[in-house]
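Worksheet: one structure, shown below.
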Amino acid sequence: MLQLTDIQLTGFKNYGSGRFHFTSPVIGICGLNGRGKTNLLDAIYFCCLTRSYFTASDASCTRFGEPGFRLEAMFELNRDPMKLVLVYRGQQRKEISMNDVPYEKFSAHVGRLPMVMIAPDDIELVNGAAELRRRFLDTVLCQLDPSYLQYLIQYNKVLQQRNSLLKSDHLPSHDIHQLLDAYDQQLAEPGAKIYTSRKAFCTSLIPFVQEHYTGIAGTSEQVTVTYISQLHEKPLSDWLPQTRQKDLAIQRTSTGIHRDELQFNLNGQPFRGIASQGQRKSLLFALKLAEYDLLKQQKGFAPILLL
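If you're matching positions, the sequence shown starts at 112 in my numbering and goes up one per residue.
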């Protein structure tokens with residue numbers, strides 16, 4: 112199993128300096144409000160996935176008045192020690208090393224210390240926008256498959272370039288279409304890889320979700336999870352040329368894996384339309400525990416779980 116044994120925080124959020132030593136696989140953290148319990152959990156998450164769970168900005172994790180922050184953590188995987196050091200020096204300069212060996216790419220670290228976190232605002236995974244459910248898929252898959260993260264980075268980069276071009280009003284039409292041909296080709300391969308990974312993952316996820324929901328809710332209610340994607344119908348390489356005129360009119364890319372969705376149903380009806388708050392929380396925990404189970408199954412050891 113993977114276990115955190117020690118962590119030091121310097122200049123991270125409300126911590127000027129702090130050190131915590133953990134002697135048990137199961138730890139409870141208690142304290143008054145505003146003392147940094149959640150920030151400690153976020154620091155642990157940061158060590159595992161190289162980013163904050165709560166914000167996209169590394170700078171916002173820096174203690175007020177400090178130029179950056181430092182996290183140093185000791186893990187044990189099947190009793191083998193692992194030392195992680197993460198330093199943020201401001202202006203997007205970040206360094207990460209494992210056992211004193213620096214990473215050339217942060218993506219090489221993601222998945223090495225698998226992690227599942229559940230926070231109060233995660234209820235939006237059930238209630239909120241489709242983007243949050245896509246992020247849920249991406250976070251798990253990046254930990255399971257290093258190539259998935261590379262395909263995701265590649266896809267999002269080209270998608271951003273394509274959307275910028277669709278908003279352009281200073282290039283001749285011929286040039287725009289030539290560039291769109293190139294972008295469409297560059298989107299097709301990573302889009303297909305991401306779609307295939309998401310589809311296979313959801314197939315594996317669904318039985319775990321149903322099992323955990325039944326156990327948590329204590330009822331015979333039928334919960335289903337459906338992966339919805341335009342790529343079920345045809346490949347992205349076919350979609351993009353067909354929707355080009357529409358994309359030019361609305362100035363954004365209307366087809367692709369960035370439009371995927373996870374749909375939840377309860378007894379055959381849309382979950383968000385009929386589910387109580389208790390049922391929504393039960394589904395959230397079922398999803399997160401299913402994530403935990405799949406990581407454990409495919410990694411061969413239990414990931415870290417933060418509640």
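Note that CB positions come from ideal geometry on N, CA and C, so glycine has one too.
- Q271 and Q265 have their C-alpha atoms some 10 angstroms from each other.
- DSSP, read as helix, strand or coil, puts F375 in strand.
- Contact holds between the segment 238-245 and the segment 361-376, because three or more Cβ pairs, one in each stretch, are under 8 angstroms apart.
- Rounded to whole angstroms, L290 and P283 show a C-alpha spacing of 11 angstroms.
- Measuring C-alpha to C-alpha distances from S279 to each of D292, A360, Q408 and G239 identifies A360 as the nearest.
- I229 sits in coil when the DSSP states are folded into three classes, being neither helix nor strand.
- Taken through DSSP and simplified to helix, strand or coil, K216 comes out as coil.
- For S208, no alpha helix (DSSP H) run applies; the uninterrupted beta strand (DSSP E) run containing it begins and ends at K205 to M209, by DSSP.
- Sequence-distant partners of F412 (beyond 5 residues in either direction) whose C-beta falls short of 7 angstroms from its own C-beta, in its chain, are M112, L113, L188 and N189.
- If you look at T116, you'll find it in the beta strand (DSSP E) that goes L113 to F123.
- Partner residues in a beta bridge of P136, as assigned by DSSP, do not exist.
- Ranked by Cα distance from N144, the options A154, S135, N125 and F131 are led by N125.
- One Cα belongs to G329, the other to S308, and the distance between them is close to 32 angstroms.
- With a 10 Å radius around the Cβ and a threshold of 16 neighbouring Cβ atoms, E402 comes out buried.
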